[in-house]
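The block underneath contains the structure these notes are about, expressed in structure tokens.
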Amino acid sequence: MSLAQTEFDPDFPSIGFALRALERGELPGNLPLQEWEDASKLNVEVNIYGGNGQHGLVRMHLPKPTGSFQEARIAVIYMSFDLKHSKVWTCEFCDKPARETQLSCVDYMTIRGFVNDESALLPVWRMPVYIHHVCAMEHRKCQPALRQAHNRINEKHAGLMGPHVPPEPRPGGRKEVYPLSASCAHCKTDASSRADMKRCSACKMTRYCSADCQRGDWRRHKTACKCVRSVEITGFAN
Numbered sequence: 006m007s008l009a010q011t012e013f014d015p016d017f018p019s020i021g022f023a024l025r026a027l028e029r030g031e032l033p034g035n036l037p038l039q040e041w042e043d044a045s046k047l048n049v050e051v052n053i054y055g056g057n058g059q060h061g062l063v064r065m066h067l068p069k070p071t072g073s074f075q076e077a078r079i080a081v082i083y084m085s086f087d088l089k090h091s092k093v094w095t096c097e098f099c100d101k102p103a104r105e106t107q108l109s110c111v112d113y114m115t116i117r118g119f120v121n122d123e124s125a126l127l128p129v130w131r132m133p134v135y136i137h138h139v140c141a142m143e144h145r146k147c148q149p150a151l152r153q154a155h156n157r158i159n160e161k162h163a164g165l166m167g168p169h170v171p172p173e174p175r176p177g178g179r180k181e182v183y184p185l186s187a188s189c190a191h192c193k194t195d196a197s198s199r200a201d202m203k204r205c206s207a208c209k210m211t212r213y214c215s216a217d218c219q220r221g222d223w224r225r226h227k228t229a230c231k232c233v234r235s236v237e238i239t240g241f242a243n
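Be aware that the sequence shown starts at 6, since it is given in the working numbering, and climbs by one per residue.
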């Protein structure tokens, strides 16, 4: 994020505003160590939003960054396939079947962590992640609503997420169709989209239409599977 962007984007607060909020301990990432968190890990909390009240809360432990958060961001993007194919998600804004997701995150490292002893301060590494399920990024009504949703969350983080990024052109052109969020995480066919698909028995998140698909996806899925600590999904009939 360049200084020029922060100065001229009306939806992005000033750097000084963000720093003052951080110093006052007013940001979501500037909290004591929570019960599920591990001071030796990067604590990733993912909020997933779909239509008509659909919501997922996934908590993961990733290796603690050795320098920048760049590797952790790449890892979360890589795991976004598992987070996407976890339920029969619909568009957050029009409730049509979702095919695309927008992911944004914030990096925090704060020296405020403690569990029971307030005198025992620990460095706590956190990455709040937000995923919005959308029917199509270029949808003329859903795209402005997505920007508003991003801005509301960004305000809670004093602008540290950065401004909303417009969708990039589809690699295959406008005719390219992305897999349904409701589809199998491996074959990703529309025909596989069923509410009764089985989840991975270990992470209890990623869904597959068959045992063959689950076995075929294990090499890719195992990284995310081993990082998941808890999954809570609400707003669905089953």
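Think of the CB as a built atom: it goes at the ideal place given N, C-alpha and C, for glycine as much as any other residue.
Residue environment, residue i, which counts as buried when at least 16 other CB atoms sit within 10 Å
i    : result
Q75  : exposed
T239 : exposed
L62  : exposed
G118 : Since pLDDT at G118 reaches only 48, below the 50 mark, its modelled position is unreliable, and the value read off the structure follows with that caveat. Per the 10 Å Cβ criterion, buried.
I53  : buried
P174 : exposed
K180 : exposed
K89  : buried
V111 : buried
E40  : exposed
V51  : buried
A187 : buried
V182 : exposed
A103 : buried
T115 : buried
K227 : exposed
Proximity test, residue i beta-carbon vs the ligand GDP heavy atom, cut-off 7 Å
i   : result
L47 : With respect to the ligand GDP, the structure offers nothing, as it holds no ligand at all.
Through-space distance from residue j to residue i, alpha-carbon basis
i    : j    : result
L185 : K92  : 10 Å
C214 : D222 : 12 Å
G56  : R234 : 25 Å
F241 : Q148 : 24 Å
K69  : L127 : 13 Å
A44  : R225 : 27 Å
Y113 : M142 : 28 Å
E28  : D195 : Bear in mind that a pLDDT of 47 at E28, under 50, signals an unreliable position, so the model cannot answer this.
P176 : T95  : 23 Å
L211 : K101 : The displayed chain sequence assigns Thr, not Leu, to residue 211. For T211 and K101, the distance between alpha carbons rounds to 21 Å.
R64  : I79  : 17 Å
L38  : G58  : 29 Å
R220 : D201 : 18 Å
G72  : V129 : 14 Å
I158 : H144 : 21 Å
K172 : E160 : What sits at residue 172 in the sequence shown is Pro, not Lys. Near 21 Å, if we compare the C-alpha coordinates of E160 and P172.
R199 : A216 : 15 Å
K46  : K203 : 30 Å
R152 : L36  : 27 Å
Nearest candidate by alpha-carbon position, reference residue i, set the options
i    : options                   : result
I136 : W130, H169, K146 and V129 : H169
C205 : K180, D195 and V236       : V236
A154 : M202, V81, Q107 and R199  : Q107
E105 : C99, C140, I79 and E40    : C140
N156 : C208, V182, S109 and R78  : S109
L165 : M142, P133, V129 and A77  : P133
I82  : R145, W130 and L67        : L67
C208 : C232, A216 and T194       : C232
H60  : H138, R78 and A77         : H138
A77  : R199, R131, D100 and P37  : R131
Residues near residue i by beta carbon distance below 6 Å, same chain, minus five either side
i    : result
A287 : Because residue 287 is not part of the residues shown, which for the chain are 6 to 243, the question remains open.
C189 : S197, Y213, C214 and C218
E42  : N48
C192 : C218
F98  : C147 and A150
8 Å Cβ cutoff, residue i in contact with chain C
i   : result
A44 : No chain C appears in this structure, which consists of one protein chain only.
>> Which runs of the alpha helix (DSSP H) at least 4 residues long sit entirely within the segment 60-116? Give them in chain order.
In response: 75-89
> Which full runs of the alpha helix (DSSP H) of 4+ residues lie inside the segment 189-234, going along the chain?
Replying inline: 216-232
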